[in-house]
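Written below as structure tokens is the structure these notes are about.
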Amino acid sequence: MSTAEHPQTDGQTERVNRVLEDTLRSVCAAAPRTWSERLPVVEFVLNNAVHASTGLTPFYLNGMRHPCVTLTLRGGAGPSILSGGEARTALCSQVSDLRPVSLRKKVESFIDTRLNVINQIRDAMSIAQDRQKEYSDKHGRGNVNVLRWVT
Numbered sequence: 001m002s003t004a005e006h007p008q009t010d011g012q013t014e015r016v017n018r019v020l021e022d023t024l025r026s027v028c029a030a031a032p033r034t035w036s037e038r039l040p041v042v043e044f045v046l047n048n049a050v051h052a053s054t055g056l057t058p059f060y061l062n063g064m065r066h067p068c069v070t071l072t073l074r075g076g077a078g079p080s081i082l083s084g085g086e087a088r089t090a091l092c093s094q095v096s097d098l099r100p101v102s103l104r105k106k107v108e109s110f111i112d113t114r115l116n117v118i119n120q121i122r123d124a125m126s127i128a129q130d131r132q133k134e135y136s137d138k139h140g141r142g143n144v145n146v147l148r149w150v151t
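Position one of the sequence shown corresponds to residue 1 (full-length UniProt numbering), numbered consecutively onward.
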């Protein structure tokens, strides 16, 4: 968390804040005073965007499903990125086949899927961190240990 007086935070939070600011700036370019009204929509869009490090959306990582929005409930057009793609189609078919006997299997399947996703995310984050470290080492700040006396 950062405050207006001291906006310094870890790099990850600074990056998220920068993306949020850039998105709000582009959405509110025509009417800058409407940013607070548009914040929920921008938050939804950012939480439904696929992150490069994980390859998944924050919505999927937190709840193991993609959100159902009004435009995606119609169906018929097939899976799309907005509606959650193949994952939403699979979830809808599982929900329609929900019986008390199969509930235990569905729960076990959900837990197995959740654990697999957690392992996949852990691996993807490790690869992303290694890639970021290589880039940082290659383009570092130079020698930060050299002190200069200012007179």
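Ideal Cβ positions, reconstructed from N, Cα and C, are used throughout, including at glycine.
Keeping to the same chain, check which residues put their C-beta closer than 7 Å to that of W35; ignore five residues upstream and five downstream. Within the sequence shown, numbered from 1, the residue matching residue 35 stands at position 35. Answer for W35: L24 and C28, listed in chain order.
For the alpha helix (DSSP H) containing V50, name the first residue and the last one. Here residue 50 corresponds to residue number 50 of the sequence shown, with the count starting at 1. Premise fails: V50 is in no alpha helix (DSSP H) and is neither H nor E.
Mapping DSSP to helix, strand and coil, what is R38? Translated into positions along the sequence shown, residue 38 becomes position 38. In the structure shown, R38 sits in a helix (DSSP, three-state: H, G or I).
According to DSSP, is A103 part of a helix, a strand, or is it coil? Start at 1 with the first residue of the sequence shown, and residue 103 comes out as number 103. Residue identity differs from the one stated: residue 103 is Leu in this sequence, not Ala. L103: helix per DSSP, three-state reduction.
Put S18 into one of helix, strand or coil per three-state DSSP. Taking the sequence shown and counting its residues from 1, the one referred to as residue 18 is at position 18. The sequence shown places Arg at residue 18, not Ser. Correct three-state label for R18: helix.
Can you confirm whether H139, when its beta carbon is compared against all beta carbons of chain D, has any partner nearer than 9 Å? Protein chains in the displayed structure number just one, and chain D is not present.
Span separating the alpha-carbon of E108 from that of P32: Position 108 of the sequence shown, counting from 1, holds the residue named residue 108. Position 32 of the sequence shown, counting from 1, holds the residue named residue 32. Cα-Cα distance, rounded: 49 Å.
For Q120, which residues in the same chain have their Cβ closer than 6 Å to its Cβ, ignoring the five residues on either side in sequence? Reading the sequence shown from its first residue, position 120 is the one you call residue 120. Cβ neighbours of Q120 beyond the five flanking positions: none.
Using the Cα positions of D130 and S136, report the straight-line distance between them to the nearest angstrom. Numbered from its first residue, the sequence shown carries residue 130 at position 130. Numbered from its first residue, the sequence shown carries residue 136 at position 136. Their Cα atoms are separated by approximately 10 Å.
Rounded separation between D123 and Q132 - CA only: As a first step, residue 123 must be located in the sequence shown, where it is residue number 123. As a first step, residue 132 must be located in the sequence shown, where it is residue number 132. Near 14 Å, if we compare the C-alpha coordinates of Q132 and D123.
Just verifying my parser: in three-state terms, what is the DSSP assignment at M125? Counting from 1 along the sequence shown, the entry for residue 125 is found at position 125. M125 falls in the helix class under three-state DSSP.
Contacting residues, own chain, Cβ-Cβ under 7 Å from P67 (five flanking each side not counted): For the purposes of this step, residue 67 is taken as the residue at position 67 of the sequence shown. Only N48 and F59 meet the Cβ criterion.
C-beta atoms of T54 and M125 nearer than 9 Å: Sequence index remark: in the sequence shown, residue 54 carries index 54 (1-based). Sequence index remark: in the sequence shown, residue 125 carries index 125 (1-based). In contact: T54 and M125 (Cβ atoms closer than 9 Å).
Considering only the alpha carbon of each residue, which of V50, R114 and A52 lies closest to G63? The sequence position of residue 63 within the sequence shown is 63, counting from 1. Comparing Cα positions, the closest option is R114.
Measuring only the C-alpha atoms, how far is I111 from L39? Translated into positions along the sequence shown, residue 111 becomes position 111. Translated into positions along the sequence shown, residue 39 becomes position 39. I111 and L39: Cα-Cα distance of roughly 33 Å.
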